[in-house]
Structures are given as structure tokens and as C-alpha cells.
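Add 24 to a position in the sequence shown, counting from 1, and you land on the number used in the working numbering. From the three backbone atoms N, C-alpha and C, an ideal C-beta is built for every residue, glycine too. I have placed the structure first, in the form of C-alpha cells, so that the comments after it can refer back to it.
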Amino acid sequence: RAEWERDWEARLTEAVARARRDGYRDGYEAGEQAVQAEVDATMHTFLEAAGQFSHALQAYIRQTEPLLADLALAVAETVLDAPLPTHIKSVSTKALSNAIEQLAADPPVDVSLHPVDFLHLQETGLIDQLRATHERLRWHPDSTLKQGDWMVQSPKGAIRRLQDELLDTLRRRLQAARPPRDAEDTAPPAPGADTDPAAGADPA
Numbered sequence: 025r026a027e028w029e030r031d032w033e034a035r036l037t038e039a040v041a042r043a044r045r046d047g048y049r050d051g052y053e054a055g056e057q058a059v060q061a062e063v064d065a066t067m068h069t070f071l072e073a074a075g076q077f078s079h080a081l082q083a084y085i086r087q088t089e090p091l092l093a094d095l096a097l098a099v100a101e102t103v104l105d106a107p108l109p110t111h112i113k114s115v116s117t118k119a120l121s122n123a124i125e126q127l128a129a130d131p132p133v134d135v136s137l138h139p140v141d142f143l144h145l146q147e148t149g150l151i152d153q154l155r156a157t158h159e160r161l162r163w164h165p166d167s168t169l170k171q172g173d174w175m176v177q178s179p180k181g182a183i184r185r186l187q188d189e190l191l192d193t194l195r196r197r198l199q200a201a202r203p204p205r206d207a208e209d210t211a212p213p214a215p216g217a218d219t220d221p222a223a224g225a226d227p228a
């Protein structure tokens, strides 16, 4: 009897241990499946929200790009109409000097610019400096030009910096950069699609 009880207790202990192992394994697998399902659902929700955000962002960009282009053009016009700061004048003066150097090999070289700009170059000593190195250099103050505009001409060619031309170039580039209308607005109807509401009606 005692031996039988020991055997029974051993089997019971083993059965309990096996039940615990099976329960742990089943619970772990069920928990893992639940977590994976939650992760998948969260990822799906995130991707769906990201797609909606991307679509909304693209729509917003399409709506605002024309406004941004107009704003950029307005800012450029304001900047070009404003008096040039000193560092910008230095850049413009360097560009003018480079243009003269490029055309100086085929004199005479004629330089047209606004009278105020001519006086500024005289004050800086640039005109005397260029005259000393280029004998057939002729300066023409021209009040029809805007301040900051200049033209350098020689038999070889011409180089110029004109505000109106800069704005025209900027305007063309901004217009070219604007996105086309939505494809759904411009796309032709699909082959076989009914465009006439009465096309499919039975004859009376």
C-alpha cells in the first residue's frame, strides 16, 4: 500500500508539473498572438494615418505653391526696388568690372548706367582705375536706366544687368515650377465611359 501511495503521488506530481508546463506554454503562445495582433493593428493604423497625412500635405502644397510663388516674386520686386545695401553694391560693382574685363579685348567698350551709380563708382575710384587699364572705355550715364542696372557693350558682344529682365526670368522660373493641375481634372475620360447622361437611355 505504501509503495502504491508513493507511486500515485509521483504520478500526481508529474501530472501537475506537466499541466503547469502546458498551461504556461499555451498562455505564452496566446499572449504572444495577442501582442502580435495588437502590434499589427497599431502599425496598420499608423500607416493609414501617415498616408492620410501625406495626401493632405500634398494637397496643401498644391494649394499654397502658387501663393508662395507670388510672394517670392513680390519680395524680389521689393528687394530690387529698394536702395542697394553696401555689400550688394560691392557685388554688383564686381560683376560690372568682370563684364568690362570680358569685353575689353575688343574695344571700344561702352558702359551705360544710372547717373547715381556713375557718381558712386567715381567716388570709389573704380572709374579712374578702369580707365587707366582700358584706354577705349567709354562711360554713359543714362537716367532711363534704374539704379543698379547697367549695360556693357563692345563689338564682341554685350553683357547687362537689368532689373526688369531679372524679374521676368524669375517670373518664368516660378511659373515653370508650379505644379500642373490634378491629373483627375485634366485626364481624358476613360475609353467606353459614358459622357452623355442620355447615351445609355433606351429609345422611346
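Inter-residue CB distance, residue i and residue j (contact presumed, cutoff 8 Å)
i           : j           : result
residue 172 : residue 141 : 7 Å
residue 134 : residue 164 : 6 Å
residue 184 : residue 174 : 7 Å
residue 170 : residue 187 : 5 Å
residue 117 : residue 150 : 6 Å
Candidates the options, of which the one nearest residue i by Cα
i           : options               : result
residue 178 : 145, 124, 83 and 57   : 124
residue 12  : 122, 119, 197 and 167 : Residue coverage of the chain in this structure runs from 25 to 228, which leaves residue 12 outside it and unanswerable.
residue 160 : 71, 196, 68 and 128   : 128
residue 176 : 79, 83 and 126        : 126
residue 158 : 132, 64, 60 and 195   : 132
residue 137 : 60, 120 and 200       : 120
Residues sharing a beta bridge with residue i, DSSP
i           : result
residue 175 : 136 and 184
Three-way DSSP call (helix, strand, coil) for residue i in this model
i           : result
residue 164 : strand
residue 215 : With a pLDDT of only 45 at residue 215, under 50, the local geometry of the prediction cannot be trusted, and the value read off the model is given with reservation. The answer is coil: DSSP assigns residue 215 none of H, G, I, E or B.
residue 75  : helix
residue 141 : helix
residue 112 : Bear in mind that the predicted position of residue 112 carries a pLDDT of just 46, short of 50, making it too unreliable to give a figure here.
residue 80  : helix
residue 130 : coil
residue 190 : helix
residue 229 : What is shown of the chain runs 25 to 228, which leaves residue 229 out entirely.
residue 169 : coil
residue 151 : helix
Any non-hydrogen atom of the ligand MN within 6 Å of residue i CB
i          : result
residue 82 : The ligand MN is not among the ligands present in this structure, which contains no ligands whatsoever.
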